[in-house]
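Novice:
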DNA sequence: TCGTTATTTGACCATTCAGTCAAAACGAGT
DNA sequence: ACTCGTTTTGACTGAATGGTCAAATAACGA
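Residue numbers (the numbering used here), protein chains in the order written: chain F, 1 to 199; chain Y, 200 to 398.
Following this line, the structure appears as structure tokens:
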């Protein structure tokens, strides 16, 4: 039935998704227009709709494709001798995502902020993953390897602390002036996580 | 020139702003429609436009009116014998705002996320306030009253940790299930701030 | 009650925007 | 050069939406 996509199809779908990421992350779903996306992708609107069936199609394709990347660092958290280092690594990986992929972060933030209408299918999987890692963290607490803490809220903290720098970028930069936010953020988050977990 | 507003004017402007807060915080500026807001306010669209000159007028009126409330807890931070308690109080006050005024939090988050196009005038004042309080915190660090920390990033941390519960409410609830997020959040944030600041 | 002012609204306009369609342009194999 | 499937687009449609306006209705003081 479905033929393998040609080179042109791959290239065009990719540039549409890149353009969509740009526009959706900047204006949100309702604020973005197909003309904007088509223009940013270097093609006409009907041509865009030849590759994606609708505006929503572009959006959901982006979201589902990005969720994996976004959760990869959490998936990588696993049992080991030095849990503090493991969670430190997680926090830094998450901060790296904020620095290197701020548009992706804002795309998610926009979606969650509006009640995640197009993301609810994935919420179940998200809960499973978080619950699993929370159990692992709890086992570290029980073994006395890290300080007493609520694992779920610990994960929320890491999300909040790191994503803040991508999602509230303009505010952070307005306050800091010319300084690069991430220089200070790296050491601050390092210290925060260490202090929070040291038994 | 400008007459004092009648009782009807006060009531109607107030209900328009209440409706606008509801709709804007849920759908963002572009996603919200005047018909929605008018309906939520219990009046016709032309009538709404009798009290506010435009959609943008409603939005900016909301934003500027809310900024004061939002920054009040930070303004209240002042020098004292026990800086840790002072900052603890600040963090809890901010968390209370997230719990009691989540729509206001999301309204701001929406605005910042899109680059704060309608909020840039206030950014200068924001920086002044933060710089002032950061200097105060730095003096506490220098006096050895709290642990070494970057004051600006400390403030960002408190913002991030507390606002996360309002802005990402659906995600938090999807992960936690039925549990009330704020029950765990209060003690978690208390512990986090204490551990972060203890010399 | 009457006249004046404040309030409310139905009808309307112009623009924007998602999505359609038929036809044109292109490309690869023969 | 011809054919057939793929890609591209100009022109269009219908619905949504911000905003206007003149006329209707309510409030209120004299």
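The C-beta atom is built at its ideal place from N, Cα and C for all residues, glycine as well.
Near residue 200(Y), what residues of its chain come up, given a Cβ to Cβ distance below 8 Å and the 5 sequence neighbours on each side ignored?
Specialist: Counting from 1 along the second chain, the entry for residue 200(Y) is found at position 1. Here the model assigns residue 200(Y) a pLDDT of 35, short of 50, so the residue's position is not dependable, and the following value carries that caveat. There are no such residues.
Novice: At which residue ranges does the segment 19-49 of chain F contain complete alpha helix (DSSP H) runs of 4 or more residues, listed in the order of the chain?
Specialist: Taking only runs of at least 4 residues, the alpha helix (DSSP H) segments lying wholly in the segment 19-49 of chain F are 34-41.
Novice: Please list, in chain order, the residues of the segment 138-151 of chain F that have any C-beta partner in chain Y closer than 9 Å.
Specialist: Cβ contacts with chain Y come from 147, 148, 149, 150.
Novice: Let's test the definition: count the other Cβ atoms within 10 Å of the Cβ of residue 365(Y) and tell me whether it reaches 16, buried, or not, exposed.
Specialist: Residue numbering aside, residue 365(Y) sits at position 166 when the second chain is read from its first letter. Counting Cβ neighbours within 10 Å, residue 365(Y) comes out buried, since at least 16 surround it.
Novice: Counting only beta-carbon atoms, is residue 201(Y) nearer than 8 Å to chain F?
Specialist: As a working mapping, residue 201(Y) is identified with position 2 in the second chain. Low local confidence applies: a pLDDT of 46 at residue 201(Y) is under 50, so the model's placement there is unreliable, with the coordinate-based value given in what follows. No, residue 201(Y) does not count as interfacial toward chain F.
Novice: List in chain order: all unbroken alpha helix (DSSP H) runs of 4+ residues lying wholly within the segment 267-355 of chain Y.
Specialist: Correct list: 282-299, 301-312, 319-341.
Novice: Just the Cα atoms here: how many angstroms apart are residue 152(F) and residue 296(Y)?
Specialist: Counted from its first residue, the first chain places residue 152(F) at position 152. Counted from its first residue, the second chain places residue 296(Y) at position 97. Straight-line Cα distance between these residues: approximately 21 Å.
Novice: What are the boundary residues of the alpha helix (DSSP H) that includes residue 6(F)?
Specialist: As a position in the first chain, residue 6(F) is number 6, starting the count at 1. Taken as a continuous stretch (DSSP letters only), residue 6(F) belongs to no alpha helix (DSSP H), as it is neither H nor E.
Novice: Closest to residue 70(F) by CA distance: which of 89(F), 77(F), 84(F), 105(F) is it?
Specialist: The residue you call residue 70(F) lines up with position 70 of the first chain. For residue 70(F), the nearest C-alpha among the options comes from 105(F).
Novice: Grab the span of the alpha helix (DSSP H) containing residue 180(F) for me, first residue to last.
Specialist: Along the first chain, one-based indexing puts residue 180(F) at 180. Per DSSP, residue 180(F) belongs to no alpha helix (DSSP H) and is neither H nor E.
Novice: Which stretch, first to last residue, makes up the alpha helix (DSSP H) that contains residue 413(Y)?
Specialist: The question about residue 413(Y) has no answer here: the residues shown for chain Y are numbered 200 through 398.
Novice: Applying a beta-carbon distance threshold of less than 8 Å, which residues of chain F neighbour residue 403(Y)?
Specialist: Given that chain Y is displayed from residue 200 to residue 398, the structure contains no residue 403(Y) and the question cannot be resolved.
Novice: Closest Cβ-Cβ distance between residue 20(F) and chain Y: below 8 Å?
Specialist: Numbered from 1 along the first chain, position 20 holds the residue referred to as residue 20(F). Judged by the 8 Å Cβ criterion, residue 20(F) is not in contact with chain Y.
Novice: Short of 6 Å in beta carbon distance, which residues of its chain neighbour residue 20(F), apart from the five on each side in sequence? Order them along the chain.
Specialist: Position 20 of the first chain, counted from the start, is the residue given in the question as residue 20(F). Counting only Cβ-Cβ distances below 6 Å, and skipping sequence neighbours, we find 37, 58, 62.
Novice: Skipping 5 residues on each side, what residues in its chain have a beta carbon closer than 6 Å to that of residue 194(F)?
Specialist: Within the first chain, numbered from 1, the residue matching residue 194(F) stands at position 194. Closer than 6 Å at Cβ, skipping near neighbours: no residue.
Novice: Among 156(F), 47(F), 199(F), 129(F), which one has its Cα closest to the Cα of residue 91(F)?
Specialist: Walking along the first chain from the start, residue 91(F) turns up at place 91. The option with the nearest alpha carbon to residue 91(F) is 156(F).
Novice: Suppose you measure from the CA of residue 158(F) to the CA of residue 247(Y); what does that come to, to the nearest Å?
Specialist: Taking the first chain and counting its residues from 1, one reaches residue 158(F) at position 158. Taking the second chain and counting its residues from 1, one reaches residue 247(Y) at position 48. Spanning the two alpha carbons is a distance of roughly 43 Å.
Novice: Return the residue from the list 111(F), 134(F), 79(F) that minimises the CA-CA distance to residue 368(Y).
Specialist: By one-based count along the second chain, residue 368(Y) stands at place 169. If we check each option's Cα against that of residue 368(Y), 111(F) comes out closest.
Novice: DSSP three-state label for residue 212(Y), please.
Specialist: For this step, residue 212(Y) is matched to residue 13 along the second chain. Three-state DSSP puts residue 212(Y) in a helix.
Novice: Taking beta-carbon pairs under 7 Å, can you tell me which members of the segment 301-334 of chain Y lie near chain F?
Specialist: Cβ contacts with chain F: 305, 308, 309, 311, 312, 313, 314, 315, 322, 325, 326, 329.
Novice: Quick one: residues in its chain with C-beta nearer than 6 Å to the C-beta of residue 73(F), no 5 flanking neighbours on either side, listed in chain order?
Specialist: As a position in the first chain, residue 73(F) is number 73, starting the count at 1. Contacts found: 90, 93, 94.
Novice: Could you tell me the distance, in whole angstroms, from the CA atom of residue 389(Y) to the CA atom of residue 64(F)?
Specialist: Taking the second chain and counting its residues from 1, one reaches residue 389(Y) at position 190. Taking the first chain and counting its residues from 1, one reaches residue 64(F) at position 64. Whole-angstrom Cα-Cα distance: 35 Å.
Novice: Should residue 56(F) be labelled buried (16 or more other beta-carbon atoms within 10 Å of its own) or exposed?
Specialist: Taking the first residue of the first chain as position 1, residue 56(F) is located at position 56. Residue 56(F) is exposed by the Cβ-count criterion.
Novice: Among the candidates 40(F), 13(F), 15(F), 14(F), whose CA atom is the shortest distance from the CA of residue 23(F)?
Specialist: Counting from 1 along the first chain, the entry for residue 23(F) is found at position 23. Residue 40(F) is the option with its Cα nearest to residue 23(F).
Novice: Of all the residues that make up the segment 354-369 of chain Y, which are near chain F by a beta-carbon distance shorter than 9 Å?
Specialist: The segment 354-369 of chain Y vs chain F, Cβ under 9 Å: 354, 355, 356, 358, 359, 360, 361, 362, 363, 364, 366, 367, 368, 369.
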